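Going by my numbering, the sequence shown opens with residue 2, and the numbers climb by one from there. Take a look at the structure set out below.
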Amino acid sequence: MKSAVNEVLEGRPENVVAHKFSINRMTLKGIDWLQGFMKRQPELSLRTPEATRFARLTAFNRHTVGEFFQNLKTVRNRYKFDPYCIYNVDETGLTTVQKPVKMLAGKGSKQVGRITSAERGTLVTVCCASNAFGNSIPPLFVFPRVKFHDYMIKEGLPGCVGFANPSGWMNSDIFIEWIKHFVRYSNCSYESPVLLLLDSHKSYISVRASDLAIQHRITMLSFPPHCTYKLQPLDRTVFGTLKRFYNAVCDNWMVTNPRPMTIYDIVSIVREPYTKAFSPSNIQRGFQVADIEPFNPEIFKDDEYLPSSVTDCAAPNVVNTILVEPEMTVAHVDGMEPKMPLKVTDNLLAINNTEDILLYYIVKEWIIT
């Protein structure tokens, strides 16, 4: 704050008189001045900013966001989705080494410690989905192991499933199994289609996943790259709450258990935090602040687009959103060759990643005939 005020005084001296600063004293005096300034401006507060990558700031622009909301409006009008038919799926990581929560300590204490399992933890991925009505699908856990065993989720949430991947992350094969899991609990069918909002990660976008979605009347719409921190409901209100409750429960677990935490303990530890974070009101608030339900594409203010002022156009050779609809006919791929023709519009994208893009309806760029 001190540097910001100094910048105003040095760069715009006309503000000095308007704000009753002394012309002869163009520098600030220190913490006393800052405390007095904060008292005179009660609407201000000292906040710790959230680190945001430059790519995120520039990607969140009117063109990209407007394109996503236009696609969302199109599919909503076409299929008449009710709130309980609009789902968001995303994944997050839970580690065996928690971030200790704040605690009370005596004044003057130089160091305040909290026990953890190790310096660095092992991560387990949890894939979650919720709808705009506030309901959630039982989570899927991905363990950093070569082979999955049933005992890994023995004490987990009712209905949860587990899989193994040496990296501990989601991949295209596991996502296929998640879609089957999703179909089982969402009851989507020809009479009851659903909308699935997801990011454009390569593990989500594959020909087999598209085939399975079309068979079960699932419309898949991806968020624009680097925009999920603003547009994805689970990112907005749920995952932060989940991590906060999870860290608190881990702190208590470490006090009552005389051993380090392992990846097999995470499934049971996360039961209580998951139930609290995925409450109907918290989920509904996520869809509301993301402007998805109720639908309100104009809720983002001008100042939220300011960091992207360096570019207000879509980057060349970049697909902003991917849309897969039940009316499409997606042929299976034999190797890398399509079994059906593609009609290309005027603006052909220079895309070489056939596995990710081929045989998909990509908004305004590719049309499957």
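Ideal placement from N, C-alpha and C gives every residue a C-beta, glycine not left out. Quantities reported herein were computed from a predicted structural model and do not represent experimental measurements.
In its own chain, which residues sit with a C-beta less than 7 Å from the C-beta of residue i, not counting the 5 before and 5 after it?
i, result
"residue 156", "268, 269"
"residue 231", "61"
"residue 178", "164"
"residue 18", "Low local confidence applies: a pLDDT of 49 at residue 18 is under 50, so the model's placement there is unreliable, with the coordinate-based value given in what follows. Correct list: empty, nothing qualifies."
"residue 300", "292"
What's the call for residue i, buried or exposed, on a 16-neighbour Cβ count within 10 Å?
i, result
"residue 42", "exposed"
"residue 194", "buried"
"residue 186", "exposed"
"residue 285", "buried"
"residue 147", "exposed"
"residue 132", "buried"
"residue 31", "exposed"
"residue 292", "buried"
"residue 37", "exposed"
"residue 153", "buried"
"residue 168", "exposed"
"residue 191", "exposed"
"residue 50", "exposed"
"residue 259", "exposed"
"residue 374", "Coverage of the chain is limited to positions 2 through 370, which leaves residue 374 absent and any answer about it impossible."
"residue 46", "exposed"
"residue 92", "buried"
Can you tell me the Cβ-Cβ gap for residue i and residue j, rounded? I've got them flagged as a contact below 8 Å.
i, j, result
"residue 126", "residue 97", "Their Cβ separation, rounded to whole angstroms, is 13 Å, which puts residue 126 and residue 97 out of contact at 8 Å."
"residue 171", "residue 199", "Contact doesn't hold; Cβ gap of about 11 Å is too wide."
"residue 90", "residue 197", "6 Å"
"residue 182", "residue 243", "Residue 182 to residue 243, Cβ: 19 Å. No contact."
"residue 160", "residue 281", "Contact flag wrong, Cβ pair sits at about 17 Å."
"residue 189", "residue 150", "Actually they are not in contact, since the Cβ atoms of residue 189 and residue 150 sit about 30 Å apart, beyond 8 Å."
"residue 264", "residue 139", "In fact, because the Cβ distance is near 19 Å, the residues do not count as touching under 8 Å."
"residue 210", "residue 176", "6 Å"
"residue 1", "residue 253", "This structure cannot settle anything about residue 1, because the visible part of the chain is limited to 2 through 370."
Taking Cβ positions only, does residue i come closer than 8 Å to chain B?
i, result
"residue 273", "Although the question refers to chain B, the structure presented lacks it and comprises just one protein chain."
Starting from the C-beta of residue i, find all residues in its chain whose C-beta is less than 8 Å away, skip the five residues before and the five after it, and write them out in chain order.
i, result
"residue 289", "295"
"residue 1", "Because residue 1 is not part of the residues shown, which for the chain are 2 to 370, the question remains open."
"residue 279", "129, 131, 137, 239, 243"
"residue 74", "296, 298"
For residue i, collect the residues of the same chain with a Cβ closer than 6 Å to its Cβ; drop the 5 residues on either side in sequence, then sort them by chain order.
i, result
"residue 334", "Per-residue confidence for residue 334 stands at a pLDDT of 37, beneath the threshold of 50, marking its modelled position as unreliable; the derived number appears in the next sentence. Here the set comprises 208."
"residue 69", "225, 322"
"residue 272", "158"
"residue 82", "196"
"residue 129", "140"
"residue 94", "124, 126"
From the DSSP output, in three-state form, read off residue i for me.
i, result
"residue 172", "coil"
"residue 123", "coil"
"residue 288", "helix"
"residue 349", "Caution applies to residue 349, whose pLDDT of 33 falls short of 50 and renders its modelled position unreliable; the value that the coordinates give is listed next. It is coil, neither helix nor strand."
"residue 165", "strand"
"residue 324", "strand"
"residue 232", "helix"
"residue 144", "strand"
"residue 188", "coil"
"residue 196", "strand"
"residue 88", "strand"
"residue 38", "helix"
"residue 1", "The question about residue 1 has no answer, for the chain in this structure spans 2 to 370."
"residue 83", "coil"
"residue 368", "Unreliable placement is indicated for residue 368, whose pLDDT of 36 sits below 50; the coordinate value is still reported in the next sentence. Residue state, collapsed to three classes: strand."
"residue 150", "coil"
"residue 213", "helix"
"residue 282", "helix"
"residue 406", "Any question about residue 406 goes unanswered here, given that the chain covers just 2 to 370."
"residue 31", "coil"
"residue 62", "coil"
"residue 98", "coil"
"residue 78", "helix"
Pull up the DSSP beta-bridge partners for residue i, would you.
i, result
"residue 93", "127"
"residue 137", "131"
"residue 1", "Here the chain covers residues 2 to 370 and nothing more, so residue 1 does not appear."
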